[in-house]
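K.L.:
With the first letter of the sequence shown counted as 1, position 451 gets the number 451 in the UniProt record's numbering; the numbers rise by one all the way through. C-beta atoms are modelled at their ideal positions from N, C-alpha and C, and glycine is treated no differently. This structure is a prediction, so every number in the text was calculated from the model and none was measured. Please see the structure below; I have some questions.
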Amino acid sequence: MSDPSRYAAEFEAARDNPDAFWADQAEAIRWTRPPTQVLDDSRAPFYHWFPDGELNTADNCLDRHVDAGRGDVTALIYDSPVTGTQARYTYAELRDAVARFAGVIRDQGVAKGDRVIIYMPMIPEAVIAMLACARIGAVHSVVFGGFAGAELAKRIDDATPTLVLSASCGIEPGRVVEYKPLLDTGIDLAEHKVERCVIFQRDTQRCELVSGRDIDWNEALAAAEPADCVPVAATDPLYILYTSGTTGKPKGVVRDNGGHAVAMHYSARAVYGLSPDDVFWTASDVGWVVGHSYIVYAPLLLGCTSVMYEGKPVGTPDAGAFFRVIAEHGVDVFFTAPTAFRAVKKVDPNAELGAAHDTSCLRALFLAGEHTDPDTARWAGEKLDVPVIDHWWQTETAWAMSANPLGIEMLDVPPGSAGRPMPGYDIRVLAPDGSEVGADEMGDICVKLPLPPGCFPTLWQNDARFRSSYLDEFPGYYRSGDAGYFDAAGNVWVMSRVDDIINVAGHRLSTGMMEEVIADHADVAEVAVVGAADADKGQLPVAMVVLKSGVTRPSDEVIAELVALVRDRIGPVAAFRHATLVERLPKTRSGKVVRATLRQIADGKEWNTPATIDDPAILTEIEAQLATIGYPRRGG
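And the structure:
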């Protein structure tokens, strides 16, 4: 273990002298006009980092490395078990592909500051499209491929794009998702009229092009000339990313160019412990913030090799897929969601399929996206024989608010904790009146303003909603919407969303804490706990439990053990008595359980299928299963 003062020194430097700290980090970036000011706080709470700087993000991701003599280094590995194909791009090859496609979008009338919506599957062309937009100063907004037409229409109306980039289809295990009908529906429903689309035709399934609007990707590429990098202000937007699960007008998180480039480069080194010689694999989708930050921008800004995976943790072809990719591509650091390893553990509890692959190249596994229960972390760590690091961040922040910083020093972080605050984040846990709570006391997890570089400066064309959604509840702080606490050692425990704190007979309890206890049972693969209305106690916890494959014990027996476990670990105050066994949990495509919808079902309220849900049929199955244990409780 390294000198225990390293983390404290770096954290205190960022806290006590942020101008000097972030000026040092900005030295790693190539600026066309270096900034002379680090932070502009004159319009607080709208803060701007490196306000007089000028750069190009794509230049920093690609051209800078080629100019430094690293053009032959592999930048991107594409691994697609759903199509049985792989591809590799060196930095020079990726730069050339991006420059040529930047010429395509320039030829369609896209200029600096214009918006481009990217609606594509996990293929290299999606990365090329993102970087091509950045190269000419256009603002990209990636919408998860396969999103419903009505949801796509909302994003078209909010971003008002000049151009849409898409593909003929996406490929899931056992099915092909036709994108074109969804795209056409979204364009038809939107009030903002899109006049041009560039469509990539996949060999698996091609689509009909709309005459006068749609352009074939490869035909346009053949006729295009490469485009040079266009310098932009550090405060100009790089992308807009809409938060998942929103209703009504979506929230478009804005990411700037300068602060984002500095933060991504810093976090790749400090949080993930990466160097330019490393292979970094993030098993996510470019439609989510994780894919933006750690499939595309951070690895390429640092000069790493990034793995792009078009597949699933199980089913493509089996539960050994993650292990195979790590071994085959020599992955040094791996980042995924805990729900992915729960899926692997459920299907292959002893990781027998994974054991066939030599994963000794791996140094660490990072988990984020949902609270990581200690049982899942232990299981993954044992099977991969590496430290497992839970860390916490959000779409709004773009990088970790708390972690165990592999690149600074490995701290003594207990399982279940999301680590320590990262340099740049002044995290506080607040009571409803805005006062700080003591150690081990639950509260709202907030960050004292200003947020560090990389975090969103506002919402797209909606400063008022930025204030009301994030700042007004606790003036001077960013309200994360997550609930948790600090322990006595200064570790952050993120237990649930604020909405998932339930009130049982006057006691505020975390459903995440109950999930952690239940997940520790030897037969449990994963679990979701929600608070359901109760006439006597206000709310009662209700658990939906997925068992590991091969468990055949009577359900009543297992549930009785779970009830006893919660009573023993948390106490009778939890009043936990109601659970049901289900085949699977309803999740978004990014792997998050749709707990708000489960609460509505348990309470007997009207509910709508979330736009981001992976398989809508699961909700009807859950509704029927809850009815077998008396939910909703009439009169509750």
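D256 and P237: beta carbons closer than 8 Å?
P.N.:
Yes, the pair counts as a contact, with Cβ atoms nearer than the cut-off.
K.L.:
Runs of 4 residues minimum, wholly inside the region 517-591: which ones carry the alpha helix (DSSP H) assignment?
P.N.:
Listed in chain order, they are 555-569.
K.L.:
Taking 7 Å as the cut-off, is the beta-carbon of A337 closer than that to any non-hydrogen atom of the ligand GTP?
P.N.:
Only the bare structure without any ligand can be found here, which leaves the ligand GTP out of the picture.
K.L.:
Quick check: what's the CA-CA separation for N17 versus Q37?
P.N.:
So the alpha carbons of these two residues sit roughly 14 Å apart.
K.L.:
Quick check on the burial criterion: 16 or more other C-beta atoms within 10 angstroms. Buried or exposed for H192?
P.N.:
Result: exposed.
K.L.:
I'd like to confirm the pairing. Which residues does DSSP put opposite T85 in its beta bridges?
P.N.:
For T85, which the question treats as bridged, DSSP gives the partners S80.
K.L.:
Quick one: what's got a C-beta closer than 8 Å to D114's C-beta in the same chain, skipping five residues either side?
P.N.:
Cβ within range, chain order: A138, V139, P161, T162 and L163.
K.L.:
Per DSSP, T336 is paired with what?
P.N.:
Beta-bridge pairing links T336 to L367.
K.L.:
One question on the structure: do P616 and A574 come within less than 8 Å of each other, judged by their Cβ atoms?
P.N.:
Result no, Cβ atoms of P616 and A574 do not sit closer than 8 Å.
K.L.:
Determine which residues share a DSSP beta bridge with I118 and list them.
P.N.:
For I118, which the question treats as bridged, DSSP gives the partners V142 and L165.
K.L.:
Around the Cβ of S80, are there at least 16 other Cβ atoms within 10 angstroms (buried) or fewer (exposed)?
P.N.:
Classification for S80: buried.
K.L.:
Taking the C-alpha atoms as reference points, what is the distance between A596 and R553?
P.N.:
Straight-line Cα distance between these residues: approximately 30 Å.
K.L.:
Could you give the residue range of the alpha helix (DSSP H) that holds residue 707?
P.N.:
Nothing in the structure corresponds to residue 707, since the chain is present only between 1 and 636.
K.L.:
Relative to the C-alpha of residue 684, which residue among A97, E10, T235 and L76 is closest?
P.N.:
Here the chain comprises residues numbered 1 to 636, so residue 684 is not present and cannot be evaluated.
K.L.:
Would a C-beta distance cut-off of 8 Å place K448 and Y485 closer than the cut-off?
P.N.:
Not in contact: K448 and Y485 (Cβ atoms no closer than 8 Å).
K.L.:
Rounded to whole angstroms, what is the Cα-Cα separation between E557 and G170?
P.N.:
Going by the C-alpha atoms only, they are around 42 Å apart.
K.L.:
Am I right that T90 and D72 are in contact with their C-beta atoms under 8 Å? What's the rounded C-beta distance?
P.N.:
Indeed, because the Cβ distance is near 5 Å, the residues count as touching under 8 Å.
K.L.:
With distances taken between CB atoms, is the gap from G538 to V504 smaller than 8 Å?
P.N.:
Yes; because the gap between Cβ atoms is below 8 Å, this pair is in contact.
K.L.:
Mind reading off the beta-carbon distance from D63 to R95? Whole number of angstroms is fine, and I expect it under 8 Å.
P.N.:
Their Cβ separation, rounded to whole angstroms, is 6 Å, which keeps D63 and R95 in contact under 8 Å.
K.L.:
Ignoring anything shorter than 3 residues, give me the beta strand (DSSP E) runs that lie fully in the region 184-271, in order along the chain.
P.N.:
Runs of the beta strand (DSSP E) inside the region 184-271: 197-200, 214-216, 237-242 and 252-256.
K.L.:
Give me the residue from P276, M422, L55 and Q394 with the minimum Cα distance to E12.
P.N.:
Taking only the C-alpha atoms, the option nearest E12 is M422.
K.L.:
What is the rounded straight-line gap between the Cα of G635 and the Cα of I128?
P.N.:
For G635, the predicted model reports a pLDDT of 46, less than 50, meaning its position is unreliable and no value from the coordinates is stated.
K.L.:
Take the Cβ of residue 656 as the centre, count every other Cβ of all protein chains shown within 10 Å, and call the residue buried at 16 or more, exposed below.
P.N.:
As displayed, the chain neither begins before 1 nor continues past 636, which places residue 656 out of reach and without an answer.
K.L.:
Just reading off the beta strand (DSSP E) that E178 is part of, what are its end residues?
P.N.:
Where E178 is concerned, the enclosing beta strand (DSSP E) stretches over R175 to E178.
K.L.:
Please state the DSSP three-state secondary structure of M308.
P.N.:
Three-state DSSP puts M308 in a strand.
K.L.:
Which same chain residues end up closer than 6 Å to P349 when comparing Cβ atoms and leaving out the 5 residues on each side of it in sequence?
P.N.:
So the qualifying residues of the chain are K548.
K.L.:
Are at least three pairs of beta-carbons, each pair with one atom in the region 280-289 and one in the region 329-342, less than 8 Å apart?
P.N.:
In short, these stretches touch, since the Cβ pair count reaches three.
K.L.:
Can you name, in chain order, every residue of its own chain whose Cβ lies under 6 Å from the Cβ of G245, other than the five neighbours on each side?
P.N.:
With a pLDDT of only 41 at G245, under 50, the local geometry of the prediction cannot be trusted, and no value is derived from it.
K.L.:
In whole angstroms, what separates the C-alpha of L300 from that of V142?
P.N.:
Taking the straight line from one Cα to the other gives about 18 Å.
K.L.:
Under a Cβ-count criterion, where at least 16 other Cβ atoms within 10 Å of its own Cβ denotes burial, should A14 be classed as buried or exposed?
P.N.:
With 16 or more other Cβ atoms within 10 Å, it is buried.
K.L.:
Are the Cβ atoms of W49 and I240 separated by less than 8 Å?
P.N.:
Going by C-beta atoms, W49 is not nearer than 8 Å to I240.
K.L.:
Taking a contact to mean a Cβ-Cβ separation below 8 Å, would you say S417 touches V517 in this structure?
P.N.:
No. Outside cutoff.
K.L.:
Would you call the region 211-229 in contact with the region 38-48, where contact means no fewer than 3 C-beta pairs closer than 8 Å?
P.N.:
These segments do not touch.
K.L.:
E606: buried (16+ other C-beta within 10 angstroms of its C-beta) or exposed?
P.N.:
Looking at its Cβ environment, which holds fewer than 16 other Cβ atoms inside 10 Å, E606 is exposed.
K.L.:
Tell me whether D358 is buried or exposed, calling it buried when 16 or more other Cβ atoms sit within 10 Å of its Cβ.
P.N.:
D358 should be labelled exposed.
K.L.:
For the beta strand (DSSP E) holding C446, just list the boundary residues, first then last.
P.N.:
From DSSP, the beta strand (DSSP E) with C446 extends over G443 to K448.
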